[in-house]
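Residue numbers (our numbering), protein chains in the order written: chain A, 680 to 811; chain B, 680 to 811.
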DNA sequence: ACTTATACGACCTCTAAGGTCGGATTAAAC
DNA sequence: GTTTAATCCGACCTTAGAGGTCGTATAAGT
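The structure is reproduced here in structure tokens:
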């Protein structure tokens with residue numbers, strides 16, 4: 680039903696948390712999880728993924744934690760969602776073309792049109808705007 | 680990942696099929712299913728639901744089938760999706776407010792803003808446009 | 001050494017999507 | 001009036017993916 684996954688929600692909340700801090704300051708995954716009552720392990724894994732993708736930076740060991748790495752004005756919501764959930768698309772045929780109905784499908788073109796419009800909405804929102 | 684359900688896809692294809700016919704002409708569920716290689720039972724149930732909702736009209740018995748009932752220009756894509764899949768919303772808190780994070784959530788407002796924008800996209804597309 | 005943080009793969013659970021089946025109802029055709 | 005071809009509809013099955021947990025490894029400050 681066109682929902683974001685919890686992973687994405689949690690990630691946005693975590694980024695919002697880091698957004699308020701100075702560039703040097705570190706925050707542990709646990710602290711964020713506790714603040715927002717997010718399952719700790721899941722948030723940790725999500726932050727690790729964001730670290731791999733270069734969105735946040737990580738420091739290990741005691742006193743370690745996460746901090747922002749990129750300028751959130753440079754990252755669109757599309758980029759972010761696709762990073763965590765894969766391609767944004769109303770239908771599978773917007774991505775790979777393996778579909779039984781391919782030959783006979785009559786709604787592909789209009790759906791792709793709408794898909795583009797929707798994607799444009801997300802393209803035009805930066806993560807910085809979501810933090811406001 | 681923001682996908683439409685197959686049910687919705689099948690429903691759109693079926694409507695597109697009926698759209699090309701005269702107002703009197705009936706088409707059986709089976710014929711549509713065969714034409715587009717859609718699982719018959721599933722399409723049948725979907726068409727029944729559309730009949731209950733007043734989108735199509737049904738005639739029982741042999742030579743029976745379905746035909747359009749409403750003017751597709753009067754139905755927005757939002758209406759249609761919500762009919763088949765329930766509320767269009769990026770997050771659950773856009774619908775009912777039962778969420779553990781309610782008190783501490785910091786991204787609710789911006790998410791709702793984006794949600795409204797997205798919904799507007801679907802509001803401004805009529806089913807008739809999807810048939811083109 | 002010990003502690004406290006991230007790193008990460010393996011696993012578990014539960015829900016909903018997608019699809020199937022069986023039988024009931026309706027009505028045209030013979 | 002029996003047969004046949006369509007809708008009607010609830011019950012059920014299966015599977016994938018979301019969401020979450022666990023155990024263990026690794027890194028680094030004290």
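Where is the CB? At the ideal position from N, CA and C, for every residue including glycine.
query	result
The stretch 740-748 of chain B touching the stretch 701-714 of chain B, judged by at least three CB pairs closer than 8 Å	yes
Bridge partner(s) assigned by DSSP for residue 698 of chain A	Note: residue 698 of chain A sits in no beta bridge, so no partner.
The beta strand (DSSP E) enclosing residue 744 of chain B, as first and last residue numbers	744-747
Through-space distance from residue 702 of chain A to residue 788 of chain A, alpha-carbon basis	46 Å
Option nearest residue 807 of chain B by Cα separation, candidates A:786, A:802, A:798, A:806	A:786
Residue 804 of chain B in three-state terms, based on DSSP	coil
Assigned secondary structure, residue 703 of chain B (DSSP; H/G/I helix, E/B strand, else coil)	coil
Closer than 9 Å to chain B by CB, residue 696 of chain A	yes
Short Cβ contact (9 Å threshold) for residue 760 of chain A with residue 681 of chain B	yes
The stretch 768-775 of chain B contacting the stretch 789-809 of chain B, beta-carbon criterion three pairs below 8 Å	yes
Straight-line Cα distance separating residue 756 of chain B from residue 713 of chain A	40 Å
Other residues of its chain near residue 812 of chain A: CB distance less than 8 Å, five sequence neighbours each side excluded	Only positions 680 to 811 of chain A appear in the structure, and residue 812 of chain A is not among them; the question remains open.
Rounded straight-line distance, which links the Cα of residue 717 of chain A to that of residue 779 of chain B	9 Å
Span of the beta strand (DSSP E), counted from its first residue to its last, around residue 737 of chain B	735-738
Selected residue, minimal CA-CA separation from residue 768 of chain B, among B:799, B:740, B:754	B:799
Amino acids of chain B, ordered along the chain, whose beta-carbon sits closer than 8 Å to that of residue 768 of chain A	680, 681, 682
Listed by chain order, chain A residues near residue 721 of chain B by CB distance under 7 Å	The contacting residues do not exist; residue 721 of chain B stays about 13 Å from chain A at best.
Contact under 9 Å by Cβ, residue 722 of chain B with residue 694 of chain B	no
Neighbouring residues, chain A, relative to residue 734 of chain B (Cβ below 7 Å)	In chain order: nothing, as chain A lies at least about 16 Å away.
Own chain partners of residue 732 of chain B with C-beta closer than 6 Å, once the 5 adjacent residues on each side are dropped	762
Close beta carbons around residue 809 of chain A, own chain, < 7 Å, minus the five adjacent residues each side	691, 756
Members of the stretch 735-753 of chain A that neighbour chain B once the beta carbon cut-off is set at 8 Å	none
Min CB distance residue 759 of chain A to chain B below 9 Å	no
Rounded separation between residue 739 of chain A and residue 715 of chain A - CA only	22 Å
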